[in-house]
Each structure stands twice: as structure tokens, then as C-alpha cells.
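Visitor: In full-length UniProt numbering, the protein residues as written are 28 to 917.
Glycine included, C-beta positions come from ideal geometry on N, C-alpha and C.
As the structure is a prediction and not an experimental result, all values here were calculated from the model.
To start, I am sharing the structure in question, which I have written as C-alpha cells.
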Ligand code: ADP
Ligand code: MG
Ligand code: MG
């Protein structure tokens with residue numbers, strides 16, 4: 028390949044496919060030139076040269092400068108003027124551009140090639156005001172970008188001159204004013220002991236070196252790390268002849284989108300500024316005009332712009348974001364790229380372009396990113412850029428769970444439930460949340476916490492429900508006794524209206540207007556296209572009939588995970604029954620009859636719930652995980668008044684049997700203390716609980732199967748899949764499967780009817796993954812519990828890692844991504860592969876799925892899409908998983 032690619036209108040060695048070599052900007056400029064668009068002649072120095080620049084210790088490799096000089100000659104010829112020639116000077120811009128657009132890289136330098144002599148020539152030819160306007164811009168940009176002189180020093184001088192003249196706008200500065208500005212800018216150079224090279228070629232060399240040098244600044248390296256941009260050679264450099272939007276009032280510069288990037292509406296959308304250059308449009312110095320106004324001031328240029336952008340959109344097969352300049356009424360194209368867009372716009376554009384025949388259906392499916400869909404599925408605030416919204420801003424935390432929530436402030440889960448029952452919308456504001464708060468969290472419109480990260484209890488639970496949540500807002504102070512909180516200098520009392528933007532992390536005072544998710548006809552059409560490409564199933568994690576219904580509406584083809592314990596928290600009555608069960612099982616060993624009573628009560632609740640879920644999922648598989656968490660999670664925190672009250676109640680209930688009331692309370696407390704474990708996540712939980720208390724497994728299996736038999740009698744098709752959690756040993760699974768099968772026999776005998784059911788296991792302990800061949804002897808299906816599997820494979824405590832070291836690991840590049848968000852393909856992924864292979868060796872028709880948060884993560888879905896039969900995710904992420912699965916298959 029060549030080092031340098033020259034391009035000009037109608038002729039170009041480069042093409043849009045060459046982004047790796049020419050960078051995004053260079054490749055697309057080449058393409059525009061090739062298409063015959065009016066692009067200022069230019070050349071691109073390749074990313075390979077950048078790589079060699081570093082190998083050569085930070086200087087241009089041999090021969091490249093000669094290539095550059097001959098490219099300059101070619102451009103001069105095409106342009107009809109000469110670089111560094113005072114008689115008729117050609118000026119250049121030096122523009123960076125990697126294959127992926129990267130803020131943090133070097134900025135552009137415009138008007139390169141001016142010095143005290145050349146500027147006089149330019150003034151003679153094109154006017155003094157214009158020439159010195161270019162010169163002051165060069166001094167500013169070159170100083171800032173190449174020499175590292177503070178831009179604000181130049182700004183201060185500019186400001187001083189305008190002050191002195193009583194002028195507000197740069198355009199009103201005269202030629203003499205601008206000469207004064209140039210004089211002062213040179214003073215700035217002198218003060219910092221630097222200078223603009225007199226020789227234009229020296230300017231060019233320094234600017235090119237600076238662009239290459241900026242590829243490896245800590246800022247740029249960091250940016251690539253954070254955004255996981257890997258495998259690029261370096262940046263390209265574009266050296267382009269200048270065209271002048273600041274020449275006169277018949278000139279200008281602007282940016283435009285071929286469609287509205289907020290809505291997708293098919294209409295040229297953008298802004299321009301007359302008599303301006305470069306970034307003036309976005310710098311906000313003057314208010315730009317709507318691009319359609321160009322039709323009046325620049326009719327010819329506008330006609331060309333419309334024609335060019337239409338053509339570009341068709342050619343690039345995507346919505347374009349273009350930069351252009353008008354010089355003396357003539358349009359020049361300076362950049363084009365696929366435009367960034369909101370969720371609604373992405374959907375609109377993809378569907379419209381398919382219908383217009385511009386893209387094929389699979390291309391349309393690839394045009395909508397999963398995060399776009401995410402935006403479409405949550406309620407949103409209206410007018411987030413309106414002053415009313417901005418004025419209401421109180422603070423910003425972590426955007427833990429997207430969507431808009433509006434409600435009245437309450438400070439306890441109990442209040443949240445109480446107010447909710449009374450028909451109030453509430454926002455639950457807590458320092459942090461705990462499992463005991465789930466009832467109140469569920470009742471709230473949104474959750475705000477001062478502590479905890481993106482995987483804190485509040486965040487995980489809220490995301491699971493698709494409920495807006497802002498967490499980790501450390502400026503939030505909560506005073507529970509007085510039922511007040513302070514934030515951003517404002518005191519919030521119980522009952523005050525508050526708005527949470529879970530998509531941005533913003534917290535707003537009062538009742539901000541909300542619009543519902545736009546479940547338009549377009550979305551339905553698009554999702555149909557999506558499903559036509561998808562190869563694996565998408566199931567959902569749902570614990571209630573209500574969740575199941577939402578998930579089904581979103582296209583879920585089954586339930587991959589019902590967490591039975593979540594049902595236990597649903598009401599005060601239930602949690603009381605659970606606590607009685609624990610008391611009977613763990614605290615009062617030997618009290619057989621009271622254990623049976625407690626279990627019987629719970630079984631009723633569970634059976635009812637399962638009937639509801641089977642009904643909601645009529646005809647679809649429902650995978651139910653047996654009790655998983657450590658028992659003490661169901662008990663109040665030690666030392667809390669709730670615990671005292673619980674012990675009192677239990678003691679009263681036991682009284683007849685266990686003698687003295689007071690001593691019963693004491694015994695209970697000490698036993699509860701005994702339930703505490705040093706590492707509860709590695710302690711008595713999952714199948715270990717079921718092995719220690721087979722009657723709990725039996726109760727749950729019976730509740731599930733009785734429910735299945737009951738609804739079947741009403742004509743509903745129930746497909747129960749019973750799942751044993753946390754299995755590492757074949758014997759553990761064999762033990763629990765035995766209990767379940769026996770419970771099934773008993774149930775079917777008692778009921779005089781049977782249903783088909785399956786028994787399987789979670790694969791979430793590394794040993795279980797390795798021994799999958801043995802486990803498959805006893806399991807009809809596997810479901811990979813990737814949360815625990817990640818935790819145990821990496822040896823990261825999920826609850827601690829996020830707060831203590833994961834962000835550090837990511838920022839230092841020790842790991843590329845949070846493994847709880849994006850599946851660790853090389854480690855955890857390897858175990859999954861092993862388990863799939865060994866499991867299928869034993870049982871070729873083994874049904875395989877993924878539950879855990881990775882089931883809703885697009886990158887993780889892509890990885891598992893060739894390994895498993897389905898992924899399972901929270902109800903609101905089902906459409907996203909459908910899209911990700913389709914994109915993985917295209
Ligand atoms: P960025 O990547 O930050 O957008 P660009 O290289 O696109 O930087 O340059 C920023 C702006 O500078 C462009 O939008 C354009 O207005 C102006 N510009 C760059 N090169 C030229 C040129 N040769 N002639 C006129 N204006 C230019
Ligand atoms: Mg640009
Ligand atoms: Mg688990």
C-alpha cells in the first residue's frame with residue numbers, strides 16, 4: 028500500500044471500505060471525491076504510517092515526507108494555487124481521523140501555511156479582513172493543538188479587543204481589529220516562549236507529527252480502553268486544501284443530517300452560519316440558522332447540498348451526518364459519516380429505509396442498536412432540554428435502571444407500600460436498600476439511593492423489574508427520623524413530588540412531564556423482521572403472573588427463571604409464613620408438627636402463585652428454581668427492632684410447647700445469631716438447603732405440580748421445568764431429583780392426574796460445569812446461572828467487587844469489562860463451552876439456556892448464541908435480547 032492517498036473531485040485512490048487504512052474521515056472523503064462531489068483536493072496519510080511513526084520513535088518514517096511533498100504538488104495543481112506562495116497562497120487544514128471516531132484525539136488545525144509574508148499576499152488577493160481572520164485562527168489553533176498553549180489565553184486577548192471596540196460578535200471586527208488580535212496572539216506566543224514556524228512546510232510537518240503523537244496520549248489511550256476500541260493501527264492524517272466559509276457574506280459553513288436524528292423524520296436537518304469557519308457553528312458564538320434557510324441566501328449551494336446528501340444517503344445506505352462549507356456561493360463537502368441517533372430515530376430510519384428499498388431487511392435489522400431499543404421501551408421525560416427541566420435539576424447519580432419515574436417522596440419500604448395501596452405514586456428514597464425492602468421497592472415508581480453502584484441491591488432489583496432507579500448519589504443526605512432528605516441545597520420532605528431520570532441519573536424537583544414508551548406500529552413491524560432472523564429462543568426471568576404477562580407481550584417464549592424466594596416477599600403475611608418455616612426448620616429442630624404447619628401454609632401461597640404463572644404462560648415452558656438464598660436473608664437484620672418483634676411473636680406462638688416466654692425469646696435470638704455465616708454466598712444455600720431440609724424441596728415440588736395439575740384441569744397447558752440450584756456434585760443432584768420425583772408420584776396419586784414435567788439443574792458452580800457429563804445423567808436441562816458462575820469462577824464477590832476494585836481493574840486494563848455486565852468469554856465462557864460439550868455427550872437432546880443478567884446483554888448473547896437453545900432475561904429486556912440474538916445470527 029501507499030503511504031499517502033491523494034484525492035480530488037472525480038478522482039481518488041481511496042474508497043469508503045478502506046477505513047482501517049485511511050480512517051473514517053479519510054475513507055469517506057475519498058469516496059465523496061470518487062463520486063464526483065465537490066471536495067477540496069487533499070491527501071490522506073495512512074494509519075500504517077502512524078504505526079511506523081511509533082516504531083521509528085516518534086518521527087515520520089523514511090520516504091514519507093517525500094511522498095507528502097509530491098502529494099502537495101498534486102493538490103496545488105488541482106487547486107490552482109501554491110502552498111507558501113505569497114502571490115496566491117494555498118492553505119491547508121490538518122485533520123485527524125481514526126477508523127473509529129474518537130474524542131480525545133487531536134483537533135483540527137485550519138489555515139496552515141500563513142506567516143507574516145504570506146498573510147500580506149492573501150490580503151492583497153482576497154481582502155485584509157479575511158486574511159487576518161484566517162491568520163488569527165491559525166495562531167490560535169496551532170498554538171492550542173500543536174504547541175499546547177492554553178486556548179483561554181487567546182480567548183482573553185480576543186475578548187479584550189472586542190471590549191475595547193465595544194463589539195460583541197467576531198464578524199464585526201474590522202481588518203485593523205484583526206491585525207491587532209494577531210499582534211496580541213503573537214504576544215501570547217512570546218510570553219510562553221514559543222513561536223509559529225515561519226516556514227509553512229515546517230508548520231505542516233509539526234502539525235502532522237502532532238496528530239500522530241496524539242494517538243497515544245493518556246487521554247486517547249484511556250478513551251480506547253473505556254470504549255473497548257481494540258485492534259486499530261493508529262490514526263490517519265488528512266491534509267486538505269482550505270475553502271473559506273469566512274470569505275464574505277456570500278460564504279458560510281454548516282452541518283446537517285439527512286434525516287432528523289431525534290425523530291427519524293425524512294427531512295434535511297441542520298444548521299449553518301454565514302461568514303464563518305470551522306467549528307464556529309457548534310461553538311455557540313453566534314446562533315446558527317436552520318439549514319433550510321440556505322434556500323434563500325444560497326439557492327445554488329442549497330440545491331447542491333440537497334442533491335449531494337440524498338445521493339450520499341443512498342450510496343452509504345444509512346442516515347448521513349455531513350459537514351460543508353460554502354465559498355462565494357459554491358458548495359464544498361468536507362465530511363460525511365453515519366449519523367448518531369436516538370432510539371426512536373433509529374427505529375424510524377431503519378423501517379423507512381427498508382420500505383424505500385434503500386436497504387435490505389437484514390441490513391435494517393442491523394441498523395438498530397440494542398441500546399436504541401432500550402430507549403424505546405421505557406417511559407421518557409418530555410423536553411429534557413427545556414429550561415423548566417434544567418431548572419428543576421437537583422443532582423446526578425448513577426443511571427442504574429432507565430426510564431422516567433415521578434412520585435411523592437417516602438423514606439421507608441413500609442410507607443411506600445402503604446401509600447401505594449392508597450393509590451399514591453411514590454419514589455422510595457433510601458441511603459441503600461436491602462432484601463427486606465423489595466415490597467416497597469416494587470410499590471414505588473422509582474428508587475433513589477445515596478449508596479451503592481450499578482450492581483447494588485437497588486440497581487439489580489430495579490433493572491430486573493424495569494423500574495427506574497438512580498443510585499450512588501452520594502450528595503444525597505437522608506435523615507430517617509425527621510423524614511427529610513437534602514440534595515443540591517433543597518430539602519425534601521415526605522410527600523414532596525420528585526422526578527427520577529434513570530436513563531441519565533438526574534434527579535429533578537417536582538412533577539416533570541412524562542411520555543409513555545412509543546410502542547408504535549413501526550416497532551411491531553420491526554420486531555417481526557427481527558424474529559425472522561433469530562435462531563435461539565428468548566425466555567424471561569419472571570416471578571409473578573404480572574411480570575409473565577409483560578414478558579409475553581414483549582415476545583418471551585417461556586420463563587427461564589422463576590425465583591421462588593421473590594414470591595416470599597410479596598406480602599407481610601407471606602414473609603411471616605416464611606419466618607415461621609425457618610423458625611420451625613432451623614430454630615426448633617424436633618418440633619415436627621410446627622414445621623409441617625409452616626410448610627403447609629407456604630405451600631398454599633406457592634401453589635396459588637404457580638397457578639397464576641402457568642395460566643399466564645399457557646402453552647409455554649416455565650422453569651422454576653427451588654429455594655436458593657441463605658435463610659437468614661429472610662430474617663430481619665440482627666439488632667433491629669423488627670427482629671425483637673419477630674422473636675416475641677414466634678415465642679408467643681411456641682409458648683405452649685417451649686415453656687417460659689422470656690427464655691424462648693432469648694433462645695430464638697441466639698439461634699438466629701447462629702444462622703449468620705462468614706460467607707453466606709458460599710454457605711448454606713441452593714441445593715444444600717434442600718438436602719438439609721428435604722421437606723422444603725418436597726413442599727415446593729408439590730406446590731408446583733399440584734398447580735400444574737389444577738390448571739390443566741381447566742384446559743391450560745402447563746409445562747413445569749423444576750430446577751435445582753447450586754449443584755456441584757452428581758450426588759447432590761441425584762438426591763434432590765429423588766425428592767422431586769417422589770413428590771411428583773405422591774402428588775399425581777393424590778390428585779388422580781398427571782402432567783408432564785422436567786427436572787434439571789442450574790450450572791453455576793465451576794465444579795458443576797466440569798462434571799456436566801455426570802450431571803446430565805440426572806438432568807433434562809441445564810440453565811447456566813452466569814451471575815454465580817462468574818462470581819465463583821473469577822473468585823469475585825459480586826457485592827464487594829463493584830465497590831472495591833472492579834472499576835480500577837477496568838480502568839487499568841487488567842480486565843476489559845465488568846464480568847457481571849459482559850460475560851467473561853475467555854474464562855466463564857470456557858466453562859460454559861465445556862459444560863455444553865460434556866452435557867450433550869451424555870444426553871444429546873439436553874435443553875440448554877442462560878439465565879442471569881448476561882441473558883439480556885447483547886455482547887454476551889452473541890457469544891452464547893452458538894452454544895445454547897435460549898437466553899432468559901428480565902421482561903423489559905426481552906425485545907433487546909430478541910434483537911441481539913437476531914443480529915448475532917445475521
Ligand atoms: P472533527 O473531527 O472535530 O469534526 P474536522 O477535521 O472535521 O474535525 O474539522 C472540523 C471543521 O473544520 C470541519 O467541520 C470544517 O468545518 C472545518 N474544516 C476542516 N478542513 C477544512 C478545509 N479544508 N476547508 C474548510 N474548512 C475545513
Ligand atoms: Mg468533522
Ligand atoms: Mg445462583
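Since residue 423 is in the beta strand (DSSP E), which residue starts that stretch and which ends it?
Guide: Start and end: 420-423.
Visitor: Taking the straight line between their C-alpha atoms, what separation do you get for residue 791 and residue 832?
Guide: If I take the Cα positions, the gap works out to 23 angstroms.
Visitor: Would you tell me roughly how many angstroms separate the C-alpha atoms of residue 57 and residue 544, rounded to the nearest one?
Guide: Cα to Cα, residue 57 sits roughly 41 angstroms from residue 544.
Visitor: Can you give me the Cβ contacts of residue 712 inside the same chain, cut-off strictly under 7 angstroms, excluding the 5 residues immediately before and after it?
Guide: 655, 656, 657, 753, listed in sequence order.
Visitor: If you run the structure through DSSP and keep just helix, strand and coil, what is residue 718?
Guide: Helix at residue 718.
Visitor: Expressed to the nearest angstrom, what Euclidean distance is found between the alpha-carbon atoms of residue 830 and residue 479?
Guide: Near 7 angstroms, if we compare the C-alpha coordinates of residue 479 and residue 830.
Visitor: Taking the alpha-carbon positions, what's the residue 79 to residue 88 distance?
Guide: Each residue's Cα considered, the two are about 6 angstroms apart.
Visitor: In the DSSP output, which residue or residues are listed as bridge partners for residue 564?
Guide: The partner list for residue 564 (beta bridge, DSSP) reads 897.
Visitor: Between residue 267 and ligand 2, is the CB less than 7 angstroms from at least one heavy atom?
Guide: False, no ligand heavy atom lies under 7 angstroms from that Cβ.
Visitor: Please tell me whether, using a cut-off of 7 angstroms, the distance from the CB of residue 134 to the nearest non-hydrogen atom of ligand 1 is below it.
Guide: Checking every heavy atom of ligand 1 against the Cβ of residue 134, one is found closer than 7 angstroms.
Visitor: Under 7 angstroms: does the beta carbon of residue 67 sit that close to some heavy atom of ligand 1?
Guide: Within the cutoff, so yes.
Visitor: Do residue 885 and residue 918 come within 8 angstroms of each other at the CB atom, strictly closer than that value?
Guide: Because the chain is modelled from 28 through 917, residue 918 falls outside the range shown and cannot be assessed.
Visitor: Suppose contacts are defined by Cβ-Cβ distances below 8 angstroms. Is residue 881 in contact with residue 850 by that definition?
Guide: Yes.
Visitor: Whose beta carbon lies closer than 6 angstroms to any heavy atom of ligand 2, going through the chain in order?
Guide: Taken from the N-terminal end onward, the list reads 350, 362.
Visitor: Could you name the residues of the same chain whose beta carbon sits closer than 6 angstroms to that of residue 799, not counting the 5 residues immediately before and after it, in chain order?
Guide: Excluding positions up to five away in sequence, the list reads 862, 865, 866.
Visitor: Would you check whether ligand 1 has a heavy atom nearer than 7 angstroms to the C-beta of residue 137?
Guide: Result yes, Cβ under 7 angstroms from ligand 1.
Visitor: State the DSSP-derived secondary structure class of residue 859, mapped to helix, strand or coil.
Guide: Three-state result, residue 859: helix.
Visitor: Taking only the alpha-carbon atoms, compute the straight-line gap between residue 549 and residue 888 and give it to the nearest angstrom.
Guide: Cα to Cα, residue 549 sits roughly 24 angstroms from residue 888.
Visitor: So what's residue 644 in DSSP terms, helix, strand or just coil?
Guide: Coil at residue 644, not helix or strand.
Visitor: For residue 432 and residue 583, I'd like the C-alpha separation in whole angstroms.
Guide: Their Cα atoms are separated by approximately 25 angstroms.
Visitor: At 4 residues or longer, and completely inside the stretch 422-487: list those alpha helix (DSSP H) runs for me, N to C.
Guide: Counting whole runs of 4 or more residues, the stretch 422-487 contains the alpha helix (DSSP H) stretches 440-448, 465-470.
Visitor: So who's on the other strand from residue 267, going by DSSP bridges?
Guide: According to DSSP, residue 267 bridges with 69, 120.
Visitor: Would residue 699 be called buried (16 or more neighbouring beta carbons within 10 Å of its own) or exposed?
Guide: With 16 or more other Cβ atoms within 10 Å, it is buried.
Visitor: Can you give the beta carbon distance from residue 843 to residue 255, rounded, assuming they're within the 8 angstroms contact cut?
Guide: Confirmed, Cβ separation roughly 6 angstroms.
Visitor: Report buried or exposed for residue 246, applying the criterion of at least 16 other Cβ atoms within 10 angstroms of its Cβ.
Guide: It counts as exposed.
Visitor: Taking the C-alpha atoms as reference points, what is the distance between residue 780 and residue 638?
Guide: Using only the alpha carbons, I get a separation of about 16 angstroms.
Visitor: Touching or not, the stretch 630-644 and the stretch 730-748, by the rule of three or more beta carbon pairs under 8 angstroms?
Guide: Enough Cβ pairs lie closer than 8 angstroms, so yes.
Visitor: Is residue 280 near ligand 1, judged by its Cβ being under 7 angstroms from some heavy atom?
Guide: Yes; taking the cut-off as 7 angstroms, the Cβ of residue 280 has a heavy atom of ligand 1 nearer than that.
Visitor: Starting from residue 59 and walking both ways along the alpha helix (DSSP H), at which residues does that stretch end?
Guide: Taken as a continuous stretch (DSSP letters only), the alpha helix (DSSP H) holding residue 59 covers 46-61.
Visitor: Quick one: does the C-beta of residue 751 sit closer than 7 angstroms to a heavy atom of ligand 1?
Guide: No, since every heavy atom of ligand 1 falls outside the 7 angstroms radius drawn around the Cβ of residue 751.
Visitor: What is the DSSP secondary structure of residue 524, reduced to helix, strand or coil?
Guide: It is a strand residue.
Visitor: Would you list the one or two residues that DSSP bridges to residue 283?
Guide: In the DSSP output, where bridge partners are listed per residue, residue 283 has 297, 349.
Visitor: So does residue 122 have its beta carbon nearer than 7 angstroms to some heavy atom of ligand 1?
Guide: Flag set: Cβ of residue 122 near ligand 1.
Visitor: Within 10 angstroms of its Cβ, does residue 230 collect 16 or more other Cβ (buried), or is it exposed?
Guide: Buried is the call here.
Visitor: Taking one C-beta from the stretch 529-542 and one from the stretch 558-573 each time, how about it: are there three or more such pairs within less than 8 angstroms?
Guide: Counting Cβ pairs under 8 angstroms, fewer than three are found: no touch.
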